[in-house]
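*Asks:* I'd like to ask some things about the structure below.
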Amino acid sequence: MSLILLIEQVLNGVQSGIMLFLMAAGLTLIFGVMGLINLAHGSLYMVGAFAAAAVAAATGSFLLALVAALAAAALAGCLIEMTVIRRLYDRDHLDQVLATFALILIFSEGTRFLFGSFPLFLDIPSALSGPVMLPGGIQYPLYRLVIIGVGLAIAAGLFLLIARTRIGIQIRAGEADREMIAALGVDIAKLYTLIFALGAALAGLAGALVGAIQSVQVGMGEPVLILAFVVIVIGGIGSIKGALIGALLVGLTDTLGSVLLPLLFANFMEASAATSVGSSLASMSIYILMAGVLLFKPTGLFGEA
57 MSLILLIEQV LNGVQSGIML FLMAAGLTLI FGVMGLINLA HGSLYMVGAF AAAAVAAATG
117 SFLLALVAAL AAAALAGCLI EMTVIRRLYD RDHLDQVLAT FALILIFSEG TRFLFGSFPL
177 FLDIPSALSG PVMLPGGIQY PLYRLVIIGV GLAIAAGLFL LIARTRIGIQ IRAGEADREM
237 IAALGVDIAK LYTLIFALGA ALAGLAGALV GAIQSVQVGM GEPVLILAFV VIVIGGIGSI
297 KGALIGALLV GLTDTLGSVL LPLLFANFME ASAATSVGSS LASMSIYILM AGVLLFKPTG
357 LFGEA
């Protein structure tokens, strides 16, 4: 493998990791602060993607599509938090899993009813299409670089929100002792709704950004949700820094594994068999990484006991 191809694959892994971070950041906030297992988080990713595709088709504006994705996912998050999720905070995790799994089915069938079963397509805006020349003669798609930049900017904003603002103090306090901050006069119901809407908006934005790279279809959020759970287990539940580091590790492991492992096995077997075996092992490598982290640090890289 040439050095240029390796650098391109590293950038692909970083871009994939950034998208996983947008999913995992909201998920780790919701689980860390509320103690809620939300299997429907992937459905909010799908809502953002479909909202963006529909608005882009109607207006031709990619910027409006992103705004629509944020708004639709945040609104959907608020609605399900106030109508369903709010009744689950004091229930055990099995009830939460069953209720949020039901939400997956509702969102999937509702989306299929509104948009049909065929995939939609969201075009990359012309200003962001095409490659850009990087140092060393590397050509890389401009849109993917923009995704990396947007994701890193959002990560920095989340760090500042959690560490430097009054809302961030309330979020951290709610994670430590929700009864105490309620006794101090903080409206815990509004705080929970805000956190859930923020997590939903991040998932919706991720869906819209990825929707311009791949097709937008029903059920697209569930595979990403599984990887997002892997990310927060690796990074540590409730840690934004852990979500970012874990997402980058997962993105790089998946992308580089899917490229390097088939090349490695090509030295010992036919190309088609090497590709099959290498791809299978690449999919396994993410979970091997998770198991390795948990073996040495059961709380995750940045999690607390």
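The opening residue of the sequence shown carries number 57 in our numbering; numbering runs sequentially from there.
Even glycine gets a Cβ: it sits at the ideal position worked out from N, Cα and C.
All values derive from a computational prediction rather than experimental measurement.
(1) Roughly how many angstroms separate the alpha carbons of Leu159 and Asn68, rounded to a whole number?
(2) How big is the Cα-Cα spacing for Asp179 and Ala268?
(3) Ends of the beta strand (DSSP E) at Leu190?
(4) Please look up how many angstroms separate the CB atoms of Leu85 and Gly359, rounded, as I've assumed it's under 8 angstroms.
(5) For Gly224 and Phe77, which I take to be in contact (beta-carbon distance under 8 angstroms), what is that distance rounded to the nearest angstrom?
(6) Have a look at Leu120, Ala81, Leu92 and Gly91 and flag the residue whose alpha-carbon is nearest the alpha-carbon of Tyr101.
(7) Give me whichever residues DSSP pairs with Pro197 in a beta bridge.
(8) With distances taken Cα to Cα, identify the nearest neighbour of Leu176 among Arg222, Ala127 and Ala109.
(9) Starting from Arg168, trace the alpha helix (DSSP H) in both directions and tell me its first and last residue.
(10) Please return the same chain residues whose Cβ sits closer than 8 angstroms to the Cβ of Thr221, not counting the five positions on each side in sequence.
(11) In three-state terms, what does DSSP make of Val306?
(12) Is the distance from the Cβ of Ile244 to the Cβ of Ala238 below 8 angstroms?
(13) If you reduce the DSSP assignment to three classes, tell me which class Val202 lands in.
(14) Do the stretch 273-287 and the stretch 145-159 meet, that is, are 3 or more Cβ pairs less than 8 angstroms apart?
(15) Mind checking who Leu176 pairs with in its DSSP beta bridge?
(16) Quick one: Cα of Gly192 to Cα of Glu64, how far?
(17) Taking Pro354 as the reference, give the member of Glu165, Ala259, Ile290 and Leu261 with the closest Cα.
(18) Taking the alpha carbon of Val103 as the point to measure from, which residue in Gly166, Gly186 and Leu119 has its own alpha carbon closest?
(19) Residues in the same chain with beta-carbon distance under 8 angstroms from Gly356, minus the five sequence neighbours each way, listed in chain order, please.
(20) According to DSSP, simplified to helix, strand and coil, what is Lys353?
(21) Could you tell me the distance, in whole angstroms, from the CA atom of Ala132 to the CA atom of Leu92?
(22) If we ignore side chains and look at the alpha-carbon of each, how far apart do Met340 and Leu283 end up?
(23) Can you find the residues in the same chain that come closer than 6 angstroms, C-beta to C-beta, to Ala265, ignoring five residues on each side of it along the sequence?
(24) Is Arg147 buried or exposed, if buried means 16 or more other CB atoms sit within 10 Å of its CB?
(25) Checking contacts by CB at 8 angstroms: is Tyr145 closer than that to chain B?
(26) Please report the distance separating the alpha-carbon of Leu317 from that of Glu326.
*Replies:* Considering the structure as presented:
(1) 32 angstroms
(2) 5 angstroms
(3) Pro187 to Leu190
(4) 14 angstroms between Cβ atoms; not a contact.
(5) The distance from the Cβ of Gly224 to that of Phe77 is about 18 angstroms, inconsistent with a contact at the 8 angstroms cut-off.
(6) Ala81
(7) Under DSSP, the beta-bridge partners assigned to Pro197 are Pro187.
(8) Ala109
(9) His149 to Phe171
(10) The same chain holds no residue with a CB closer than 8 angstroms to that of Thr221 once the five nearest residues on each side in sequence are set aside.
(11) helix
(12) Yes, the Cβ-Cβ distance between Ile244 and Ala238 is below 8 angstroms.
(13) helix
(14) no
(15) Val272
(16) 11 angstroms
(17) With distances taken between CA atoms, Pro354 lies nearest to Ile290 out of Glu165, Ala259, Ile290 and Leu261.
(18) Gly166
(19) Ile288, Val289, Ile290, Gly291, Gly292, Ile293, Ser295, Gly298, Gly302, Val349 and Leu350
(20) Lys353: coil per DSSP, three-state reduction.
(21) 17 angstroms
(22) 12 angstroms
(23) Sequence inspection shows Leu at residue 265; the Ala mentioned does not correspond to that position. For Leu265, where only same-chain residues beyond five positions count, the Cβ hits under 6 angstroms are Ile203.
(24) exposed
(25) Chain labels in this structure do not include chain B; a single protein chain is all it has.
(26) Roughly 13 angstroms separates the two Cα atoms.
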